[in-house]
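Below you'll find the structure, written out as C-alpha cells, and then a few comments.
2 protein chains.
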Amino acid sequence: MSFVKYSIQVLRSKGYKVTRPRKEVLEAVESATAPVSPYDISRMVQQQGKHLDHVTIYRVLDLLCSLNLVHKVLSRGGFVKCGLLDEPGCHRFLVCRECGVLQEFTDEALCYQESQIARRMGFYPEHHLTESSGLCQRCR
Amino acid sequence: MSFVKYSIQVLRSKGYKVTRPRKEVLEAVESATAPVSPYDISRMVQQQGKHLDHVTIYRVLDLLCSLNLVHKVLSRGGFVKCGLLDEPGCHRFLVCRECGVLQEFTDEALCYQESQIARRMGFYPEHHLTESSGLCQRCR
DNA sequence: TAGCAAATGCAATACTATTGCATTACCGCA
DNA sequence: TGCGGTAATGCAATAGTATTGCATTTGCTA
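Sequence lines, in order, name chains A and B. The opening residue of the first sequence carries number 1090 in my numbering; numbering runs sequentially from there. The opening residue of the second sequence carries number 1090 in my numbering; numbering runs sequentially from there.
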C-alpha cells in the first residue's frame, strides 16, 4: 500500500479528518526523496496551481510527526515520509550531504546498547535521534 | 585546565585572534549546563552590563564549532561546550527533555557498528549525530 | 442534508539567520 | 611601548522560519 493511502487510513482510524490540505502535504512528502521543509512543500503545492497556507502545513506536519508517519530530519531542517511504517522502535537515518537523499533503517542491537550506556550514566532514555551524514553511492 | 583557557590556547595556536567577544561567548558557554542559543548568549552578556551583536555571536559560534570546541545540539537548537576536549571521534549526547541538562560520551564500538551498517547499505558515512532524549536523574 | 466540531486561512508578530560594508581592535614588529 | 596591517566586529538591512488567536470553512456523523 502506498504511503499516502496508508497514512489516510491511519488518520481515519484515529479520528482525524482527511482534508484536502492533509492529502496534499502527504503527496508532497511522498514524492520527495530528500527532506523537505514546510516552505518547500508550500512551493511544491503552488507549482501545481494550488495553494496552502504555511501555517496549515506546519500543523499538518506536526500531526503527521506525532503519528509517526513522517520524521523530522534535524540536520536538514526538513521532513521525510517514514520509510519503515510497520517497524516500530528507533529509526536511524543516513543522509547524503550532497544531494540530501535519505535512507532509513533500524537496528535493535544498536538501540539496546545505546540505552544501556545511557542508563549506566544515570539517564533514562526515551528516544534516540541518529542521523549519519556522508555520501550516497551516486554522489561518491 | 578550564574550558575557556583551553579554547583560548587553541584559538591562538591556529592563528585566530583572542578578542573580547570571543572570550565572552566562551565564558557564557562555559557557564551553561544546558544548550544555549545565540540569543541566549546575547541576553547572558547583557545581564552583565555588556553588549555583543548577535551577528558576532553567530560567527564566533561557527568558528568554535569548526574547531570542535563547542557542539551544536540540534534537538535543542543550542550550543554546548565540548565536554570531551581531548577525545576525538564521534561524540554522543544525552539531553534531558525537562531541564535540558546534557551529558556527553563516546563509544568506539557503537560508532564502528554504525559505520559498518551504513557501508553495507552503500553509504559512505563521515559523521554521526546522536542525541538521546529522556530524563536525567534529577528530573526523574 | 443539516449541524457540529475540527481544521483551515488570514493577519499579525516573534524568533532565527545571513550578507555587505564601514569601523574597530588585536597582534607582531620595531 | 607604540604603530601599522589585517582580521574581526558592529550596524543596517533583509530573508527565512515559526507561532498565536480568531473568524470562516469543511469533513463527517446522524
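Idealized CB from N, CA, C, for every residue including glycine.
Query, Result
"Residue nearest to Val1190 of chain B in terms of C-alpha spacing, selected from B:Glu1113, B:Gly1167 and B:His1180", "B:Gly1167"
"Proximal residues of chain B, C-beta to C-beta of Ala1207 of chain A below 8 Å", "Leu1183, Ser1221 and Gly1223"
"Supposed contact pair Leu1150 of chain B and Leu1099 of chain B - C-beta distance, whole angstroms, cut 8 Å", "The sequence given here places Val at residue 1099 of chain B; Leu does not occur at that position. The pair is not a contact, with the Cβ atoms about 15 Å apart (cut-off 8 Å)."
"Terminal residues of the beta strand (DSSP E) in which Gln1192 of chain B lies", "Leu1191 to Phe1194"
"Candidates A:Glu1193, A:Arg1227 and A:Met1210: closest to Leu1218 of chain A by CA position", "A:Glu1193"
"Cβ neighbours of Lys1103 of chain A in the same chain (closer than 8 Å, five flanking residues each side left out)", "Leu1156"
"Cβ pair Asp1196 of chain B, Ile1206 of chain A closer than 8 Å", "yes"
"Simplified DSSP state of Gln1126 of chain A, which is helix, strand or coil", "The question names Gln, but residue 1126 of chain A is Ser in the sequence shown. Note: Ser1126 of chain A maps to coil in three-state DSSP."
"Where the segment 1135-1166 of chain B meets chain A: residues whose CB sits under 8 Å from a CB there", "Leu1163 and Ser1164"
"Complete beta strand (DSSP E) runs within the segment 1111-1198 of chain B (minimum length 3 residues, chain order)", "1159-1162, 1167-1170, 1181-1185 and 1191-1194"
"8 Å Cβ cutoff, Asp1175 of chain A in contact with chain B", "no"
"Beta-bridge pairing of Glu1220 of chain B - partner residues as DSSP gives them", "A:Leu1218 and B:Phe1182"
"Stretch pair the segment 1208-1216 of chain A + the segment 1180-1188 of chain B: three plus CB contacts closer than 8 Å", "yes"
"Interface positions of the segment 1192-1217 of chain B facing chain A (Cβ-Cβ less than 9 Å), listed along the chain", "Gln1192, Phe1194, Asp1196, Ala1198, Leu1199, Gln1202, Glu1203, Ser1204, Ile1206, Ala1207, Met1210, Gly1211, Phe1212, Tyr1213, Pro1214, Glu1215, His1216 and His1217"
"Extent of the continuous alpha helix (DSSP H) to which Phe1212 of chain A belongs", "First-last for Phe1212 of chain A: undefined, no H or E at that position."
"Element boundaries [alpha helix (DSSP H), containing Tyr1095 of chain B]", "Phe1092 to Ser1102"
"Stretch-stretch touch, CB-based, cutoff 8 Å, three pairs: the segment 1109-1118 of chain A with the segment 1128-1147 of chain A", "yes"
"For Gln1226 of chain B, the three-state DSSP class (helix, strand or coil)", "coil"
"Member of A:Glu1187, A:Gln1202 and A:Glu1203 whose CA lies at the smallest distance from the CA of Arg1165 of chain A", "A:Glu1187"
"Neighbour flag for Gln1226 of chain A against chain B, beta carbons, 8 Å", "yes"
"Span separating the alpha-carbon of Phe1092 of chain B from that of Leu1174 of chain B", "8 Å"
"6 Å Cβ shell around Thr1122 of chain B - same chain, five flanking residues per side excluded", "Val1190"
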